[in-house]
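Each number in this note's numbering corresponds to the 1-based position in the sequence shown with 28 added.
C-beta: ideal position from N, C-alpha, C; glycine also.
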Amino acid sequence: MNTADLRARRPAPSSIARLTMAEGLRALDAGTLTCEAWAQACLERIALRNPDVRAWVHVAGEQSLARARALDKSGRTRFFDGVPLGIKDTIDTADMPTELGDPEIFPGRQPGADAPVVARARALGYNILGKNTVSRHAIMLAGPCRNPHDLSRSPAASSAGSGAAVADFMTPISVGTQTAGSILRPASFCGAVGFKPTLDLIPYVGIRTYSRPLDVIGPLCRSVEDAQLFMKGFVGDPRYTAQAPDAMPRLGVWKPRDWPQADARTQAIFEENLASLALAGARLVPLSMPGSYEEIGDIQDVIMAYDLAREYDDLRRHHADRCDPELLAYLELGRSYSDEDYARALDAADRCRRQFYDIARDLDALVMPATLGEATEISSTGSSVFIRAWSLLHNPSISLPVARGDHGLPIAIQLVGFRNEDPALLAWARKVEQVLGNRAHDT
29 MNTADLRARR PAPSSIARLT MAEGLRALDA GTLTCEAWAQ ACLERIALRN
79 PDVRAWVHVA GEQSLARARA LDKSGRTRFF DGVPLGIKDT IDTADMPTEL
129 GDPEIFPGRQ PGADAPVVAR ARALGYNILG KNTVSRHAIM LAGPCRNPHD
179 LSRSPAASSA GSGAAVADFM TPISVGTQTA GSILRPASFC GAVGFKPTLD
229 LIPYVGIRTY SRPLDVIGPL CRSVEDAQLF MKGFVGDPRY TAQAPDAMPR
279 LGVWKPRDWP QADARTQAIF EENLASLALA GARLVPLSMP GSYEEIGDIQ
329 DVIMAYDLAR EYDDLRRHHA DRCDPELLAY LELGRSYSDE DYARALDAAD
379 RCRRQFYDIA RDLDALVMPA TLGEATEISS TGSSVFIRAW SLLHNPSISL
429 PVARGDHGLP IAIQLVGFRN EDPALLAWAR KVEQVLGNRA HDT
């Protein structure tokens, strides 16, 4: 079956399933939508599409419908009451299994308590629909999930199910995690909005750990407004206002050493985006980064491999026969790094963080492509070369689906802000979204 045939099989979602979180909340407030109808529309979409897309490993259908009906009966009292939500299956849930991307090793694993991010979601009123599929071993290996636009293509990793579920209108929003590119890359490949906050803005506890200096929780959704609302609820910072500034931003344009790897269509789309932003009044400033920035990928490789080898050591020692050979090879690489290697990598990362502010302090954000191109074939999860630097440096970053590539699959742009200035980055992203558009509603 060719790509066009695979895309043609994707049925259009209902008008309710298409709603962004913000649109659904406005409809609930206006009385034109009920919590039950919203949950039902998402569950019907899941029932229709999940056999092909495989974005969910557990669906709490009856429980989520019961919660929705109870809210309709009692009345909504919290801002997020009734909002359907997916949770990545590396995040502990007390009422649903959490198999950590390893169902063969941890079949039916049932945590005794919710992770703090899940407890917070419940307290805010979110209606958790279920658990989203994770790539194999919760790392960069291809897993069972498929790209909703083309089932022969990858949804990326490791928040694959979160990106696919949101982009395929099964839920308006899902909670994912990122260590290198695991929020922005699935969002980019699938055609959603992905936001990676500054490190530790949302507590990373009760979640499968990869690398604590890098692991971050963030939303995958279908609009910048939804990301703003999510962060305001979870962080409680009043600066997360669902508004765009009147002015246009000053944007730094950095083309790192991996720029030539981007395909011709992605490069052309990026240049068109820059031209559109300049025409709208944005000031574009070409950036030259110090030589140390060209080594960011190598620095992160050491930190990630060292940490994963220690976090997954029990897996290696007790379940090696069930581990993918690529994972075992990566763990051996991590074991080969000494404590001194790790300390040097952490020091180098700190230097790069300090340099970033000196280089970019007169700017509002950086802009660059999110990925090298469209979604890869299903056997690969793609590359994070344009994303991973900001995980290492702890800068907030966001991907916006702005175009389609040569095969009709999503292409995204990426904006990068300053550490702990996440509200400002999201506000500028809202402005950029207004200029460039948002293709997350495409079917």
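- Look at the beta carbons and you see the segment 383-399 touching the segment 441-456: at least three pairs across the two are nearer than 8 Å.
- Apart from sequence neighbours up to five positions away, the residues of its chain that approach T199 with a beta-carbon distance below 6 Å are C70, P112, G114, L157 and A193, ordered along the chain.
- Under the DSSP assignment, G204 falls in the beta strand (DSSP E) whose first and last residues are S202 to Q206.
- Within 10 angstroms of the beta-carbon of V233 lie fewer than 16 other beta-carbons, which makes it exposed.
- Out of S419, G445 and A431, the CA that lies nearest to the CA of A388 is found in G445.
- Ranked by Cα distance from D378, the options P131, P241 and T60 are led by P241.
- Counting only residues of its own chain and dropping the five nearest sequence neighbours on each side, I327 has a CB closer than 7 Å to the CB of A373, A376, A377 and L420.
- The segment 228-261 is shown to contain whole beta strand (DSSP E) runs of 3 or more residues at 244-249, in chain order.
- Burial check for F107: the Cβ neighbour count within 10 Å stays below 16, so the residue is exposed.
- Shown here, V330 sits in a helix according to DSSP, grouped into three states.
- A straight line joining the alpha-carbon of S316 with that of G52 spans about 43 Å.
- Nearest to I406 by C-alpha distance, out of A431, T126, D130 and R174, is R174.
- Here the segment 135-146 does not lie against the segment 172-191, with fewer than 3 beta-carbon pairs under 8 Å apart.
- By alpha-carbon distance to R285, the top candidate from I324, S408 and P247 is I324.
- The DSSP assignment places complete alpha helix (DSSP H) segments of no fewer than 4 residues inside the segment 165-209 at 188-195, in order along the chain.
- Beta-bridge partners of S427 (DSSP): G222 and Q442.
- The residue from R46, D57, P451 and W66 with its alpha-carbon nearest to that of V263 is P451.
- Residue state for P451 is assigned as helix, using DSSP reduced to three classes.
- Your pair Y340 and Y370 does not check out as a contact, with CB atoms roughly 16 Å apart and the cut at 8 Å.
- When DSSP states are grouped into helix, strand and coil, I415 belongs to the coil group.
- Taking C-beta atoms as the reference points, Y358 and L336 count as a pair closer than 8 Å.
- For the pair P225 and G246, the CB atoms are nearer than the 8 Å cut-off.
- Ranked by how close their Cα comes to the Cα of R432, the residues G410, V87, D291 and R150 have D291 in first place.
- Going by beta carbons, R97 and E64 fall inside the 8 Å limit.
- Non-local beta-carbon contacts of Q289 in its own chain, meaning distances under 6 Å to residues more than five positions away in sequence, involve L400 in chain order.
- Separation of D329 and A296 (C-alpha to C-alpha, rounded to the nearest whole angstrom) is 30 Å.
- A distance of 8 Å or more separates the beta carbons of S216 and V463.
- Contact check for G110 and L99: beta-carbon distance about 5 Å, within the 8 Å limit, so the pair qualifies.
- Per the C-alpha coordinates, the member of S320, G59 and A457 positioned closest to L279 is A457.
- P125 is the residue among D130, Y154 and P125 whose C-alpha sits nearest the C-alpha of A141.
- Uninterrupted beta strand (DSSP E) stretches at least 3 residues long and entirely within the segment 340-427 occur at 393-397, given in chain order.
- In the structure shown, P112 falls within a strand segment according to DSSP collapsed to helix, strand and coil.
- With a contact defined as Cβ atoms closer than 8 Å, D130 and K159 miss out at about 13 Å.
- With respect to G219, D470 sits close: the two C-beta atoms are nearer than 8 Å.
- The continuous stretches of alpha helix (DSSP H) do not include L315, and DSSP gives it neither H nor E.
- Here DSSP, grouped into helix, strand and coil, assigns R104 to coil.
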